[in-house]
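>
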Amino acid sequence: MAKTKIHANLKDNMAFEMNLDGHKLITDASEEVGGNGLGPRPKQLLLAGLIGCTGIDVMSILKKMKVQLDDCIIKVEADNTEEHPRVYENIHLTYIFKGKNLPRKSLEKAVNLSQEKYCGVSAMLKKVTPITYDIIIEE
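Plus 270 on top of the position in the sequence shown (first one is 1) and you've got this note's numbering.
Dropping the structure here:
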């Protein structure tokens with residue numbers, strides 16, 4: 271079984287610096303709660319990871335289908351619970367595909383395969399909250 275290992279060093283106050291496959295990442299708390307805002311909040315990175323994971327899947331699948339896009343934008347919105355620990359609930363993804371004469375069925379298939387079969391981040395998050403999505407096509 272493959273393991274993922276990451277270590278973090280305190281950089282300043284509440285900020286931690288990590289090295290992810292040669293890429294430096296700093297997380298920090300907002301100034302409102304005592305941090306210095308030196309990096310993104312860790313919980314936001316969960317949503318960024320979701321976008322990155324499903325985006326890679328979708329683009330890989332569309333490439334195999336030979337679907338040519340002008341652009342792909344993925345947006346995510348999630349509600350926070352009111353009580354601590356504040357967790358995300360009701361995560362919603364919006365996939366916006368741009369290009370001429372894009373085949374809707376292929377786009378839907380690629381997104382569905384990502385969400386139902388390939389995206390490990392979606393699979394983990396779905397264990398605690400529903401993830402919904404919609405697809406928008408723009409020329």
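A virtual CB, placed ideally from N, CA and C, is assigned to each residue, including glycine.
The model shown is predicted, which means the values in this text are computed figures rather than measured ones.
In the DSSP assignment, the alpha helix (DSSP H) including Lys370 goes from what residue to what residue?
The residue given as residue 370 occupies position 100 in the sequence shown. It is not in any alpha helix (DSSP H) - Lys370 carries neither H nor E in the DSSP assignment.
> Rounded to whole angstroms, what's the CA-CA distance from Ala393 to Glu409? Just pull it up for me.
As a working note, residue 393 is residue 123 in the sequence shown. As a working note, residue 409 is residue 139 in the sequence shown. Using only the alpha carbons, I get a separation of about 31 angstroms.
> With H, G and I counted as helix, E and B as strand and the rest as coil, what does DSSP make of Asp282?
Within the sequence shown, the letter at position 12 stands for residue 282. Asp282: strand per DSSP, three-state reduction.
> Give a yes or no on whether the C-beta atoms belonging to Leu295 and Met284 are separated by under 8 angstroms.
Counting from 1 along the sequence shown, the entry for residue 295 is found at position 25. Counting from 1 along the sequence shown, the entry for residue 284 is found at position 14. In this structure, Met284 does not lie closer than 8 angstroms to Leu295 by Cβ.
> Residues in the same chain with beta-carbon distance under 8 angstroms from Leu395, minus the five sequence neighbours each way, listed in chain order, please.
The count along the sequence shown starts at 1 and reaches residue 395 at position 125. Cβ within range, chain order: Leu316, Leu320, Tyr358, Ile361 and Ile401.
> Count the other CB atoms, across all protein chains shown, that sit within 10 Å of the CB of Gln338; report buried if there are 16 or more and exposed otherwise.
Working through the sequence shown from its first residue, we reach residue 338 at position 68. That one is exposed.
> Relative to the C-alpha of Gly292, which candidate in Gly390, His277, Thr364 and Glu301 has its C-alpha closest?
As a first step, residue 292 must be located in the sequence shown, where it is residue number 22. Of the candidates Gly390, His277, Thr364 and Glu301, the one whose C-alpha sits nearest the C-alpha of Gly292 is His277.
> I'd like the list of long-range same chain contacts for Val391, defined as Cβ closer than 7 angstroms, with 5 residues on each side in sequence excluded.
Residue numbering aside, residue 391 sits at position 121 when the sequence shown is read from its first letter. If we look at Val391 and ignore the five residues flanking it on each side, its Cβ neighbours are Gly319, Leu320 and Cys323.
> Looking at the unbroken alpha helix (DSSP H) that takes in Ile321, where does it start and where does it end?
Here residue 321 refers to the residue found at position 51 when the sequence shown is read from its first residue. Its alpha helix (DSSP H) spans residues Pro312 to Lys334.
> With distance defined between alpha-carbon atoms, name the residue in Asn350, Lys275 and Thr297 nearest to Gly307.
Along the sequence shown, read from residue 1 onward, the residue named residue 307 stands at position 37. The shortest Cα separation from Gly307 among Asn350, Lys275 and Thr297 belongs to Thr297.
> Bridge partners of Met288, per DSSP?
Here residue 288 refers to the residue found at position 18 of the sequence shown. In DSSP, Met288 forms a bridge with Ala278 and Leu295.
> Is Leu363 buried or exposed, if buried means 16 or more other CB atoms sit within 10 Å of its CB?
Working through the sequence shown from its first residue, we reach residue 363 at position 93. With 16 or more other Cβ atoms within 10 Å, it is buried.
> If you reduce the DSSP assignment to three classes, tell me which class Lys345 lands in.
Start at 1 with the first residue of the sequence shown, and residue 345 comes out as number 75. If DSSP states are grouped into helix, strand and coil, Lys345 belongs with the strands.
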